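Each remark here refers to the structure printed beneath this line.
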Amino acid sequence: MIVSSKMRRLIRNQEGWTRKMFEEGMQMKKTLGDDKVYDFSLGNPDVEPPQALKSALIDMLMQTTPGMHKYMENSGYQSVREGIAEYLKTHYGLPFTSKHIFMSVGCAGGINILFKSMLNKGDEIIVPNPFFWEFKNYIENFGGIMKLVDTKEDFQLDIEKIEGAINDKTKAILINSPNNPTGAVYSEESLKELAKLLYRKREEGKEIYIVADEAYKKIIYDDAVLPNIFEIYDLVVSITSHSKDLALPGERIGYIAISPNIKEIDLLVSGLIISIRALGFVNAPALFQRAAGMFQENSVDVLEYKKKRDILYNTLIESGFECVKPGGAFYLFPKSPIKDELAFVKRVQREERILVVPGRGFGRSGYFRIAYCVTMEKIMNALDGFRRIGKRYY
Amino acid sequence: MVISNKISESMKSSSWIRAMFEEGEKLKKQYGQDQIFDFTLGNPIAEPPDELKRELIKIVSSDIKGKHRYMTNSGYEDVREEIAAFHRELSGLAFTKNNIIMTVGSAGGINVILKALLDPGDEVIVPCPFFVEFMFYIENHGGVMKLVDTKDDFHLDIEKIKGAITEKTKAIIVNSPNNPTGVVYNEEELKELAALLNMRKKKGQRIFVISDEAYRKIIYDNIRFPDLFPLYEDTITITSHSKDLALPGERIGYITVSPLMKNADKLIDAAIFANRILGFINAPAIMQRLVGKFQKNSVDIADYQKKRDVIYDILVDAGFEVVKPEGAFYIFPKSPIKDDIKFVRNLQKHHVLGVPGIGFGKPGYFRIAYCVEMDIIERSRPFFKEVLGRTKH
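Chains A and B, in that order, give the protein sequences. Under our numbering, the first residue of the first sequence carries the number 1, and numbering increases by one thereafter. Under our numbering, the first residue of the second sequence carries the number 1001, and numbering increases by one thereafter.
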C-alpha cells in the first residue's frame, strides 16, 4: 500500500464530510459566482497586514544586509527574541529574557515542537471541548493521548470535570482563549480556579503544565482584558501566532513564550532545539521573524471585527438562534435549531448559499461555527439569509 | 521532568557536538574571528542572486491582495505549475502542478513524505556516511533507519543495499550531491539500484526512492546530474532552495512525486495532509511566489568549484587521503589516526575547526565545509600541513 495504514486511518477519520463540504462550497462558487455564495467556513481573515509592516519589509530588503536570509540559531534571532521578551515583560510583569522566547513556524509549528519535546508515549493532554480539531493530530503525532473535557453551557472551563479527568498520565492542559470555535475568553476567575486545582495536584506530587494557545490574544472585545495566565500559574508555556493579529497566516510566523517561573527552562529549550531540527522546521522564516519583532504592539483593527460580531450576533438572536456572545476571536458558535447539525448545515448551504461548519468538526454536535473574518459587505448581504433560516425553524 | 525521555536521549547523544561547537566559539573569542578557520557549518556565505533580491522587493511592494494569507496546503497553483514545467523540461516526463507540493525547506519535505509513508517498524535504508538528521526524520514517524556502508569512494554499494532489504523495507533515502562526502551518484549505479528495486517489485514489494536533492545545482566539472525520474518510477525528490538560491533561513523547498508512480494521487493527498497536521500548514507564502520564477537560477557555482579546487589541493598537498568531490560544498578526508574525535581536537589546537566523521556515522574521517571566504581556505594551508606532520610523528 502506498500510504501507511496509520496515515490512511487518520485521513479516513476526518476528511470525509469536512472535505466534501469544502469542495461542494468551492463548486458552488465556481458555478454561481463568488458574490452569490456566503462563505463563513474558513478562519482565513480577509484583511491585509498593517501598512507600516509592509514599509518595514521593503526597508529591510532594500538595505540588503549580508546574511539576512541565512540560517540563524534554531531558536531564532537573538535581537528579535530580546525585543519580544521586553514586550512580554512590560505586559505580563514577569522577568522574561530572550531565552524564554523561541521563534516558531506559526502557532501550529510551535505546538508541535513543544509536544515533541514534552510528551512521552501515553502521556495525556486535557483539552476543553469544543476544540480546534488539529489539536488532536498535534498530540497524537508524538504518541500523546487527548482527553476531551466538556466546557460549561457558556463554553467556560468546567473545573470539576477537569479535575475528574486528571490522572497519573496527565502532562498538560491545552487551553485556547480566545477560543476557536466558540469565541469564549476564559475568565480570570476560572483560570485561578484551574491554577488552584493544579497546585493542589502538585502537592500530591503531580506536575501539570498549562499550554496556552494564544493565537487570538489580540482580538478581544468590549475592553475585556485577556487574564495574565503567567501570573495566575507558574508552569505555563504560551504559543503566539502572527497569523491573525498581523494578518500573516501564509508566512508561518509565531513564537513560544516559556514562563520565567519554569525552573527547567534550559532543559526545555534544549529539547525545543532538537525538536525544531528533527521535525524539519529548522527555524522560523528569517525575514518574517524580523518583521514580527518590530510589530509586537500592533494589531489589526479590532473595532472592525467587533462591528461584524455585533451585527451577526444581534441578527442571530433576533432570528431566534441560541448563541453565546463571544468575547474574542472571530467565531460564533450558535446552537443548531435541529439536533442533526450536519443536515442543518447542508440545508443552509443548499437554500441560502451560506457556508458554515458543523459542530462535530470541533467535537460538539448540535452546534455550528460561523467564521466572520470576511468583508462587511459579505456579512450584510447574508443577513437576510440568516433571518429566513430563523423564520423557518423558530 | 519537563522534557520527554526520548528527547533527553537525543540531547545526550548530540552533546559532544555541542561541546565542540562551544570550544570553537571560545577559540574565536580568544584569538579573533579571522584567526580561526571554521569549516564546521553548512551555512553558506553566498548571497541570493541579485535578480532574486530585486524580485523579492517587487513582490513585497506589490498590491496583490491577500498575498500573505493562507493558500491551499500544497502551495500556490501557479508556482507549482512553474516548477512542474521546469521538471517537464528536465526529464520530458508529464509533470503537472499536482506532482508538486511546496514545503518548509527540504527538511520539512522529507518529514512530510516519511509521515505519509511509514508505519511503525518500517525500515528506511540510508547509505553511510549520511546527514545525521535523517535518523531523526525517520524515527519521528516510527520508522527504523538501516545504515548501509558505501564503497571506499563513497559510491553506492548495491550488493550491500541488497543485503539490507527486508520485508519491512519501505524506502531508501539517497542524497546526491552528498553531504558529507560531496560525491555525485552516476547514472550507472542509480540504474543498478533501480534494477534491484524493480526485482523486489516483481515480488510484490514497493520500495520508494526518496532523493534529497538539496545540492543538485552545486555540481562541478560539467558533469550531468542524472535525473532519477526516468530511471525508477517510485521516485520522490526533495528540493531545497537553501543552497542553490542561498535562502536557508527562509525555509523554502518542495516535494516532487513521479508522474509514473502508480496511485501517486493517494501519496500526494497523504503528504498534503501530513504537511497540515505536522504544523507546517503551508510553505512561507512570499518565498513560494519568489522561487517559482528562479528554478533555473543558482548562486555562483564557478566560485564553489574554485574553492573545491583549492581545498582539495591543500589537503592532498598536506598528505591527506581524500576523494575529490564533484558537488555540494563538503569534502570528507580520512583522518590520519583512527580516532577522528581526537584528530579534530588536534585540528582545533591549530585553529582549524572541522566535524568528526562519527557525526555522519563514519568514524575515521572528518568533514570540511568549504562554503566560506576563499581567504580563509587559502590561509588554512600551513595549518593542515602542520597538523598532519605532528599527528604522524
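The C-beta atom is built at its ideal place from N, Cα and C for all residues, glycine as well. All values derive from a computational prediction rather than experimental measurement.
Asked                                                                                                                                                                                     : Found
Could you check which residue in A:Lys-147, A:Ile-162, A:Asp-150 and A:Ile-232 has the C-alpha nearest to that of Glu-189 (chain A)?                                                      : A:Ile-232
Is there a Cβ from chain A that is less than 7 Å from the Cβ of Pro-1048 (chain B)?                                                                                                       : yes
Just curious, the alpha helix (DSSP H) that Glu-160 (chain A) is in, first and last residue?                                                                                              : 159-165
Taking 7 Å as the CB-CB limit, is Met-1199 (chain B) close to chain A?                                                                                                                    : no
Relative to the C-alpha of Glu-1250 (chain B), which residue among A:Val-149, A:Glu-73 and A:Leu-355 is closest?                                                                          : A:Glu-73
Any C-beta of chain A sitting closer than 7 Å to the C-beta of Phe-1136 (chain B)?                                                                                                        : yes
Starting from Ala-292 (chain A), trace the alpha helix (DSSP H) both ways and give me its first and last residue.                                                                         : 286-294
Closer than 8 Å by beta-carbon distance: list the chain A residues that pair up with Gly-1359 (chain B), in chain order.                                                                  : Result: empty, since nearest Cβ-Cβ is about 14 Å, beyond 8 Å.
Based on Cα-Cα distance, which residue from B:Val-1132, B:Glu-1077, B:Ile-1331 and B:Lys-1362 lies nearest to Asp-1339 (chain B)?                                                         : B:Lys-1362
Between which two residues does the beta strand (DSSP E) harbouring Lys-171 (chain A) extend?                                                                                             : 170-176
Contact check, Glu-341 (chain A) vs Tyr-313 (chain A) under 8 Å by CB: the rounded distance?                                                                                              : Not quite, the Cβ-Cβ distance comes to about 19 Å (not below 8 Å), so this is no contact.
Check the Cβ of Pro-1284 (chain B) against every Cβ in chain A and list those closer than 9 Å, keeping chain order.                                                                       : Val-105, Gly-250, Glu-251, Arg-252, Ile-253, Pro-285, Leu-287 and Phe-288
Mark Ala-52 (chain A) as exposed unless 16 or more other C-beta atoms lie within 10 angstroms of its C-beta, in which case mark it buried.                                                : exposed
Using beta carbons (cut-off 7 Å, strictly below), is Tyr-71 (chain A) in contact with chain B?                                                                                            : yes
According to DSSP, what are the bridge partners of Thr-1235 (chain B)?                                                                                                                    : B:Val-1209
Under three-state DSSP, which class holds Asp-1313 (chain B)?                                                                                                                             : helix
Figure out for me which residue from B:Lys-1306, B:Glu-1189 and B:Phe-1383 has the closest Cα to the Cα of Lys-1349 (chain B).                                                            : B:Phe-1383
Mind checking if Gly-390 (chain A) is an interface residue toward chain B, Cβ cutoff 7 Å exclusive?                                                                                       : no
Run through chain A and tell me which residues come within less than 9 Å of Leu-1118 (chain B), C-beta to C-beta.                                                                         : Ser-4, Lys-6 and Met-7
Is there contact between the region 98-116 of chain A and the region 257-267 of chain A, where contact requires at least three CB pairs shorter than 8 Å?                                 : yes
With respect to the beta strand (DSSP E) encompassing Tyr-1254 (chain B), which residues constitute its N-terminal and C-terminal limits?                                                 : 1253-1257
Closest to Leu-1052 (chain B) by C-alpha separation, out of B:Ile-1113, B:Met-1287, B:Lys-1307 and B:Ile-1376, would be which residue?                                                    : B:Met-1287
Look at the Cβ atom of Gln-1295 (chain B), then the Cβ atom of Phe-1095 (chain B), and state whether they are nearer than 7 Å.                                                            : no
Rounded to whole angstroms, what is the Cα-Cα separation between Ile-11 (chain A) and Asn-137 (chain A)?                                                                                  : 11 Å
Candidates B:Ala-1270, B:Gly-1359 and B:Leu-1247: which alpha carbon is nearest Ala-1046 (chain B)'s?                                                                                     : B:Leu-1247
May I ask you to verify whether the region 1201-1217 of chain B touches the region 1309-1323 of chain B, counting CB pairs closer than 8 Å and requiring at least 3?                      : no
Leaving aside the five residues before and after Cys-323 (chain A) along the sequence, list all residues of the same chain whose C-beta is less than 8 Å from its C-beta, in chain order. : Tyr-313, Leu-316, Ile-317, Leu-332, Phe-333, Pro-334 and Lys-335
Run the CB neighbour count on Gly-93 (chain A), radius 10 Å, all protein chains shown included, and call it buried at 16 or more, exposed below.                                          : exposed
Would you check if the region 277-289 of chain A and the region 111-125 of chain A touch, i.e. whether three or more CB-CB distances between them fall below 8 Å?                         : yes
Compute the beta-carbon to beta-carbon distance between Gly-143 (chain A) and Leu-174 (chain A), rounded to the nearest angstrom, for a pair I have assumed lies under 8 Å.               : Not quite, the Cβ-Cβ distance comes to about 16 Å (not below 8 Å), so this is no contact.
At the 7 Å Cβ level, is Glu-1250 (chain B) part of the contact set with chain A, yes or no?                                                                                               : yes
Does the region 1294-1310 of chain B come within contact of the region 1124-1140 of chain B, defined as at least 3 CB pairs closer than 8 Å?                                              : no
Tell me which residue opens and which closes the alpha helix (DSSP H) that Met-376 (chain A) is part of.                                                                                  : 376-393
By how many angstroms is the C-alpha of Met-26 (chain A) removed from the C-alpha of Arg-1059 (chain B)?                                                                                  : For the sequence presented, residue 1059 (chain B) should be read as Ile rather than Arg. Approximately 27 Å between the Cα atoms of the pair.
What distance in whole Å lies between the Cβ atoms of Ile-219 (chain A) and Tyr-305 (chain A), which are believed to be in contact at a cut-off of 8 Å?                                   : 6 Å
For Ile-379 (chain A), decide whether its Cβ has a neighbour in chain B, counting only Cβ atoms nearer than 7 Å.                                                                          : no
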